[in-house]
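Worksheet: one structure, shown below.
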Amino acid sequence: MPIQILRTLANVLSGRGARTAAGAALVTDGLVGIDVPWGRKRNGIFGSLVVLAVGLLFVGLGWWWHGQHQPYPDGTSTTATVTRITTSRDSNGRTMYSRVLTFTASDNRPVEFTEPEQSSNRPTLGSTATVSYLPQDPGSARVIPDTDWLPYGIIALGALAAAIGGVIFVVRLVTLITGIYLLASAARRKVHQ
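In our numbering, the protein residues as written are 2 to 194.
And the structure:
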């Protein structure tokens, strides 16, 4: 008797109804993700595309930011001196500092510009920094930092998010294709019965 019950159960689970249920669950999980009971939210194929796109956006942003810290290809580099410091307040009320740098352009004209990036660390008057500028437009000067870790960090985090989004996309695509296959096989089985 127990063997007969197991055979009946195996027939039911391998039948059209089980394939339809499994296929529908896999298609749903592939498209939108199914939340698991212990509270973990799973992304579907659309969520994975969002993660992938955000990751690629951060890679591009980091790459652009890094490019803003590179010397101009057809520019001139020189040393600038911090001659003044400007202050402002951020949204939390903290004092932020910007360096005002002065350098002498190739035509012996003095040029002063305020660095667009701010810091909570007060710069030292008289300190120096390397700048790059276009000879025809010395006002285009930008600071070339000794180390440029923050853009590289943004690129790395973006690449990690893009890789995770890509892996989730592939897994969800396989899940979706498997679900569609099970639904199609269940429909074919109904026709042949």
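C-beta: ideal position from N, C-alpha, C; glycine also.
This one's a predicted model, so the numbers in the text were calculated from it and none came from an experiment.
The shortest C-alpha to C-alpha distance from Thr115 to any of Ala106, Thr96 and Thr82 is the one to Thr82. For Trp66, same chain residues with a beta-carbon under 6 Å away, outside a window of 5 residues either side, are Pro152 in chain order. For Ile46, no beta strand (DSSP E) encloses it; the enclosing alpha helix (DSSP H) starts and ends at Ile46 to Gly68. Non-local C-beta neighbours of Pro124 in its own chain, meaning closer than 7 Å and more than five positions away in sequence, comprise Val83, Ile86, Tyr98 and Arg100, ordered along the chain. Between Val33 and Gly45, the CB-CB gap stays under 7 Å. Excluding residues up to 5 positions away in sequence, Gly159 lie with their Cβ nearer than 8 Å to the Cβ of Gly61 in the same chain. If the five residues before and after Thr105 are omitted, its C-beta is found closer than 8 Å to the C-beta atoms of Thr79, Pro111 and Val112, all from its own chain and listed in chain order. For Phe114, DSSP records a beta bridge to Leu102. Looking only at Gly94, Thr131 and Leu57, the smallest Cα-Cα distance to Asp147 is reached by Thr131. Between Gly18 and Gly180, the C-beta spacing is not below 7 Å. Per DSSP, reduced to three states, the secondary structure at Gly167 is helical.
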